[in-house]
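Below is one structure, written out as structure tokens; the observations come after it.
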Amino acid sequence: CTKFCIAEKNYTSFMFVQQWPEGFCEYQVIVGGKRKCKSRPHKFTIHGLWPQSNGQSISGCNVTSDLTEHDIHSIKGKLTKKWPNLIGTDLKFWQFEWTKHGSCSENEFPKLEYFQLGLDNYAKNNLMDILTKAAIVPNETHLYDTTAVLSAVHQHTNHDAQLACYVDPTHNASALYQIALCYSDDGKTHINCPNSHGTCRKQLMYPKPK
5 CTKFCIAEKN
15 YTSFMFVQQW
25 PEGFCEYQVI
35 VGGKRKCKSR
45 PHKFTIHGLW
55 PQSNGQSISG
65 CNVTSDLTEH
75 DIHSIKGKLT
85 KKWPNLIGTD
95 LKFWQFEWTK
105 HGSCSENEFP
115 KLEYFQLGLD
125 NYAKNNLMDI
135 LTKAAIVPNE
145 THLYDTTAVL
155 SAVHQHTNHD
165 AQLACYVDPT
175 HNASALYQIA
185 LCYSDDGKTH
195 INCPNSHGTC
205 RKQLMYPKPK
């Protein structure tokens, strides 16, 4: 985008993405080969808050907008716990997410406000608790109906989420690694996500931490 694009409100909604570390890390091994996780927290963590336009992610709107540690110093402790880089250094991950995604909503949500918005949405949507209340818990072999997972989240948000899965080669089954919630342009009001089943089959595994 040009500077003119940045001055305009060029997004219409947000996709807030949380990752299940056990699934995400296995997915990285399968599709990436060399990228191994340094840790696998036993909770969902934030992947990103992605501005959307007409249902599609927009990115790289201001590649000159650099994020420094000083910009997010006041919330760094919370980000480290809730928005960690499972593979590399936290700051590099936050810088990547800001430059690729956050810069596209910079006119409405400057750096600190953008990351705080992600933390706020995370606090309001504890996906592990939401799934546990529906008797959906990590399991090495059991398959859950994908609609049951979506229904559990819908019960909490009253809107459709979007799931992401990879194919577990050992069981030849869909394995959950990500759940996205969608919001209007204010970043706070839930809306339906498109393509709720995402890359998941009719049934899926919820990988159990090793």
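With the first letter of the sequence shown counted as 1, position 49 gets the number 53 in my numbering; the numbers rise by one all the way through. All C-beta atoms in this analysis are idealised placements derived from N, C-alpha and C, irrespective of residue type, glycine included. Fair warning: this is a prediction, and the values are worked out from it, not measured in the lab.
*Among Leu-154, Gln-182, Trp-102, His-160, which has the Cα closest to the Cα of Cys-65?*
The shortest C-alpha to C-alpha distance from Cys-65 to any of Leu-154, Gln-182, Trp-102, His-160 is the one to Trp-102.
*For Ile-134 and Gln-99, the rounded distance between their alpha carbons*: Each residue's alpha carbon lies about 30 Å from the other.
_Count Cβ pairs between the stretch 142–159 and the stretch 83–96 that sit closer than 8 Å; are there 3 or more?_
Result no; under three Cβ-Cβ pairs closer than 8 Å.
_Backbone secondary structure at Ser-109 - three-state DSSP_ = Looking at Ser-109 - three-state DSSP - the assignment turns out to be helix.
*Assuming Cys-186 contacts Asn-196 (C-beta within less than 8 Å), just tell me the rounded distance between them.*
The Cβ separation is near 7 Å, so the contact holds.
*When you compare each of Phe-28, Cys-41, Lys-42 to Ser-178 by their alpha carbons, which one comes out closest?*
Of the candidates Phe-28, Cys-41, Lys-42, the one whose C-alpha sits nearest the C-alpha of Ser-178 is Phe-28.
*Are there 16 or more other CB atoms within 10 angstroms of the CB of His-194, so buried, or fewer, so exposed?*
Buried.
*Span of the beta strand (DSSP E) holding Asp-189?*
Here Asp-189 belongs to no beta strand (DSSP E), and DSSP marks it neither H nor E.
*Please state whether DSSP places Val-141 in a helix, a strand or coil.*
DSSP places Val-141 in coil when its eight states are reduced to three.
*Do you know how far the Cα of Leu-116 is from the Cα of His-74?*
Each residue's alpha carbon lies about 10 Å from the other.
*Continuous beta strand (DSSP E) assignments of at least 3 residues falling wholly in the stretch 15–73*: Counting only unbroken stretches of 3 or more residues, the beta strand (DSSP E) elements lying wholly within the stretch 15–73 are 17–23, 49–57, in sequence order.
*Straight-line CA distance for Asn-111 to Asn-176?*
About 45 Å.
_Between the alpha carbons of Glu-26 and Phe-48, how many angstroms are there, rounded?_
Going by the C-alpha atoms only, they are around 9 Å apart.
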